[in-house]
Amino acid sequence: MTGIWGIVNVTPDSFSDGGRFLDPSRAIAHGLSLRRDGAAVLDVGGESTRPGAVRIGADEEQRRVLDVVAGLAAEGAPVSIDTLNASTAVAAVAAGARIVNDVSGGLADDDMLAAVAGTGADYVIGHWRGPSDDMYARAEYARPSREVAAELQERVATAAAAGIAPARIILDPGIGFAKTGAQNWEVLRGLDDVIALGSRVLVGTSRKGFLRETLAAASDVEVDEARRDLATAVTSALAARAGAWAVRVHDVAATRDALAVVAAWDG
Ligand code: PMM
Numbered sequence: 000m001t002g003i004w005g006i007v008n009v010t011p012d013s014f015s016d017g018g019r020f021l022d023p024s025r026a027i028a029h030g031l032s033l034r035r036d037g038a039a040v041l042d043v044g045g046e047s048t049r050p051g052a053v054r055i056g057a058d059e060e061q062r063r064v065l066d067v068v069a070g071l072a073a074e075g076a077p078v079s080i081d082t083l084n085a086s087t088a089v090a091a092v093a094a095g096a097r098i099v100n101d102v103s104g105g106l107a108d109d110d111m112l113a114a115v116a117g118t119g120a121d122y123v124i125g126h127w128r129g130p131s132d133d134m135y136a137r138a139e140y141a142r143p144s145r146e147v148a149a150e151l152q153e154r155v156a157t158a159a160a161a162g163i164a165p166a167r168i169i170l171d172p173g174i175g176f177a178k179t180g181a182q183n184w185e186v187l188r189g190l191d192d193v194i195a196l197g198s199r200v201l202v203g204t205s206r207k208g209f210l211r212e213t214l215a216a217a218s219d220v221e222v223d224e225a226r227r228d229l230a231t232a233v234t235s236a237l238a239a240r241a242g243a244w245a246v247r248v249h250d251v252a253a254t255r256d257a258l259a260v261v262a263a264w265d266g
C-alpha cells in the first residue's frame, strides 16, 4: 500500500500553509494530527522551494526546524527533513530524522552526498535543474518523463559513488521543479519511466500550480484550498495506482480516503 507523507512546513512564506506553523509547538501539534490522519512519515521543511522563492541561510533554517524534528521524533513519528543544505540534514538526523529529503538530489550543496552517506539515513533524490528563483528557464524537454528518469539515474550513480547505498535511495520526479504545467502532466503520465529505475518512488503534487491551472480551466469558481486538496487526493491516488511507493501531501485525510477507495476498487 502506498504510504502518505504529511507535509509540515515551518516557513513564513510557503505558498500553501506558510506562516501558520512557525511556532514549534504548533508545528509539532500539526504534525501529530497528520500522523493521526494516517501519515506514515512527517516531512519537516524550513525553507520554501515555491516558484520564485528566495533562499534563506542554513542557520535560520535550522532555527526553524530542529525543535520540530526533535519534538516529533520524541513522539515516535518517523520524520524526514526537507532541505537543500548538508549541515541541516546532519543536524536534523542528529535530532531524530530518519530520512533526508533533498529536492535537488545533491545538486544544491556539494557537501550533501558525503554528509548523507555519513548519517546512514535514507535519501530522497528529487529531479531538479536549478534554484527556484529561475527554474522555469530550464523547463525544456523533448520527452519529459524519459529525461527526468535519465537525470535521476545519473544522480543515483553519483550518490552511490559518494557512499549512499542504492537501497537507501528514494526517487522523486520533482513535480513543479523546472517543469511547465503540461510537462508535469507528461511526467506523471510517464511515471513508469522513473519506477523502472527500481528504487522506491515518492510523488509530490500537493496544491501545486499545475493543479490550480487545471482547476481554473474546469470552472470559474475560485480555486481555493479545498479544490486543490481534492485534486491532490486524485493525483495522489493515480500515482499510487501507477506504482508510487509514497505520496507527499498537505491534506493527509483526503489522500488517505482516496487511496482507500482505489484499494477497494482494485480488490
Ligand atoms: N515539493 C515541495 C517541497 N518539497 N519534496 C519532495 N520530495 N517532492 C516534492 O515534490 C516537494 C518537496 C514544494 O511544495 P511545498 O512548498 O508545498 O512543500
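Sequential numbering from 0 applies to the sequence shown in numbering that gives the first Met the number 0. Cβ atoms here follow ideal geometry from the backbone N, Cα and C, with glycine treated the same way. The model shown is predicted, which means the values in this text are computed figures rather than measured ones.
Per DSSP, the bridge partner or partners of residue i
i	result
TRP4	VAL40, ARG247
TYR122	VAL99, ILE168
ARG199	ILE169
VAL78	LEU41
Residue i: CB within 7 angstroms of a non-hydrogen atom of the ligand PMM
i	result
PHE229	Reading off the sequence, residue 229 comes out as Leu, not Phe. Not under cutoff, so the answer is no.
ASP81	yes
ASN183	no
ASP171	yes
ARG247	yes
SER205	yes
ARG49	yes
VAL40	no
VAL7	no
VAL123	yes
ASN84	no
VAL251	no
ILE174	yes
VAL220	no
GLY75	no
LEU201	yes
VAL102	yes
GLY44	yes
Where the alpha helix (DSSP H) through residue i begins and ends
i	result
ARG154	143 to 160
GLU60	57 to 73
ALA230	224 to 240
ALA181	180 to 188
GLY208	208 to 217
ALA85	85 to 93
beta-carbon residue i near the ligand SAM non-hydrogen atom, thresh 7 angstroms
i	result
ASP58	Within the structure as shown, the ligand SAM is missing, the only ligands being the ligand PMM.
Nearest-angstrom Cβ-Cβ length linking residue i and residue j, presumed shorter than 8 angstroms
i	j	result
ASP228	LEU201	So it is not a contact: roughly 19 angstroms between Cβ atoms.
GLY95	VAL68	6 angstroms
LEU151	LEU196	6 angstroms
THR213	THR231	Going by Cβ atoms, the distance from THR213 to THR231 rounds to 11 angstroms, so no, they are not a contact pair.
ILE3	VAL246	6 angstroms
PHE251	ASP36	In the sequence as presented, Phe is not what sits at residue 251; that position holds Val. That pair is a contact at about 4 angstroms.
ALA90	LEU65	6 angstroms
VAL282	THR118	The requested residue 282 is not part of the displayed model; the chain covers only 0 to 266.
ALA85	ASP108	5 angstroms
ILE98	VAL43	The pair is not a contact, with the Cβ atoms about 10 angstroms apart (cut-off 8 angstroms).
Can we say the stretch 36 to 54 touches the stretch 131 to 145, given the rule of at least three CB pairs closer than 8 angstroms?
-> A contact exists between the stretch 36 to 54 and the stretch 131 to 145.
Counting Cβ pairs closer than 8 angstroms, one from the stretch 170 to 184 and one from the stretch 141 to 148, do we hit at least three?
-> Between the stretch 170 to 184 and the stretch 141 to 148 there are three or more C-beta pairs closer than 8 angstroms, enough to call the two in contact.
Kindly confirm or deny that the stretch 160 to 175 and the stretch 212 to 222 touch, where touching means at least three C-beta pairs closer than 8 angstroms.
-> With a cut-off of 8 angstroms, the stretch 212 to 222 and the stretch 160 to 175 do not count as touching, because too few Cβ pairs lie within range.
With contact counted as at least three CB pairs below 8 angstroms, one residue from each stretch, are the stretch 112 to 120 and the stretch 23 to 39 in contact?
-> No, the stretch 112 to 120 does not touch the stretch 23 to 39.
Flag this pair as touching only if the stretch 99 to 109 and the stretch 66 to 76 have three or more C-beta atom pairs under 8 angstroms; answer yes or no.
-> Output reads no: the stretch 66 to 76 does not touch the stretch 99 to 109.
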